[in-house]
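S.K.: One structure, pasted below without further comment.
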Amino acid sequence: AQSVTQLGSHVSVSEGALVLLRCNYSSSVPPYLFWYVQYPNQGLQLLLKYTSAATLVKGINGFEAEFKKSETSFHLTKPSAHMSDAAEYFCVVSDTREYGNKLVFGAGTILRVKS
Amino acid sequence: AAGVIQSPRHLIKEKRETATLKCYPIPRHDTVYWYQQGPGQDPQFLISFYEKMQSDKGSIPDRFSAQQFSDYHSELNMSSLELGDSALYFCASSPEGDSYEQYFGPGTRLTVT
């Protein structure tokens, strides 16, 4: 079964600093990987996805992630943090099944941005 | 662009009552998924439907049932509610041929007192 591990339940950065949220996956098949963001009391928004095309994936709001098969990693980065980036981020793997691929979520990382 | 619609957005029930959550997928999306997110938890997959047939089942209690109707909307029925059922329930949908990307609704917050 597919799974993801997010390293660090809380990450704190200063405004303007690099954001790095770590994610490692475990998958018996080539994975489809995603990063979702959840703002307080809101739903889940897709930031970006990896579906076996380019290994460097660019998403919304200046975020990007790189798929590294050798490291089984899919870390999320953003060069310069904004206050509005404060949210919870989930690394997600698709459980590849026919007719409906359930998503398996990591435990989430809460990003705090300090002014 | 149209998004996934969930109703109600908030629901308060007492223990042992029943609740029905509704989900209206994005037009032309034929697959619907239900997830449960407990307080401070990550979302957990409950059940999914493809073309009105159950396609996968996760950690859904026997007290819960769901179905997808001919217009592709889905309902999650929850009976004998327990305090532990208090959570945010998300519905997601995906289009035919691209079931790897799921579009989430805003969620229904269920509080059981």
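If you read the protein sequences in the order shown, they are chains A and B. Just so we're aligned, residue 1 is where the first sequence starts under the numbering used here, counting upward by one. Just so we're aligned, residue 1001 is where the second sequence starts under the numbering used here, counting upward by one. Built from N, CA and C at the ideal position, the CB exists for glycine as well.
Are the CB atoms of B/Met-1078 and B/Phe-1064 within a distance shorter than 7 Å?
M.R.: Closer than 7 Å, so yes.
S.K.: Using a C-beta cutoff of 7 Å, does B/Gly-1003 count as contacting chain A?
M.R.: It does not; no Cβ of chain A falls within 7 Å.
S.K.: Which class does A/Ile-60 belong to by DSSP, given the choice of helix, strand or coil?
M.R.: Three-state result, A/Ile-60: helix.
S.K.: Quick one: what does DSSP say B/Leu-1110 is sitting in, helix, strand or coil?
M.R.: Strand.
S.K.: Output the boundary residues of the beta strand (DSSP E) element that contains B/Asp-1056.
M.R.: Where B/Asp-1056 is concerned, the enclosing beta strand (DSSP E) stretches over 1053-1057.
S.K.: Mind listing the chain B neighbours of A/Tyr-32? Cutoff is C-beta to C-beta under 9 Å, in chain order.
M.R.: Here the neighbours are Tyr-1100, Glu-1101.
S.K.: Closer than 8 Å by beta-carbon distance: list the chain A residues that pair up with B/Pro-1027, in chain order.
M.R.: Simply none; closest approach about 18 Å.
S.K.: For B/Trp-1034 versus B/Ile-1026, is the C-beta distance shorter than 7 Å?
M.R.: Contact: no.
S.K.: Pull the bridge partners of A/Ser-73 from the DSSP assignment, please.
M.R.: Its beta-bridge partners are A/Asn-24, A/Lys-68.
S.K.: Starting from the C-beta of A/Val-13, find all residues in its chain whose C-beta is less than 8 Å away, skip the five residues before and the five after it, and write them out in chain order.
M.R.: So the qualifying residues of the chain are Val-19, Ala-81, Leu-111, Arg-112, Val-113, Lys-114.
S.K.: Below 8 Å on C-beta distance, what does B/Pro-1106 contact in chain A?
M.R.: Ordered by position in chain A, the residues that pass the 8 Å Cβ test against B/Pro-1106 are Gln-42, Gly-43.
S.K.: Taking the straight line between their C-alpha atoms, what separation do you get for A/Leu-7 and B/Ser-1070?
M.R.: So the alpha carbons of these two residues sit roughly 43 Å apart.
S.K.: Can you tell me whether A/Ser-84 is helix, strand or coil according to DSSP?
M.R.: Helix at A/Ser-84.
S.K.: Which residues in chain A have a C-beta closer than 7 Å to the C-beta of B/Phe-1045? List them in chain order.
M.R.: Chain A residues near B/Phe-1045: Lys-102, Leu-103.
S.K.: List, in order along the chain, the chain C residues whose C-beta lies closer than 9 Å to that of A/Leu-46?
M.R.: You won't find chain C in this structure, because its protein chains are A and B.
S.K.: Please give the ranges of any alpha helix (DSSP H) in the segment 1057-1093 of chain B, keeping only runs that are unbroken, at least 4 residues long and fully inside the region.
M.R.: Counting whole runs of 4 or more residues, the segment 1057-1093 of chain B contains no alpha helix (DSSP H) stretch at all.
S.K.: Would you mind reading off the limits of the beta strand (DSSP E) that contains B/Lys-1015?
M.R.: That residue, B/Lys-1015, is in no beta strand (DSSP E); it is neither H nor E in DSSP.
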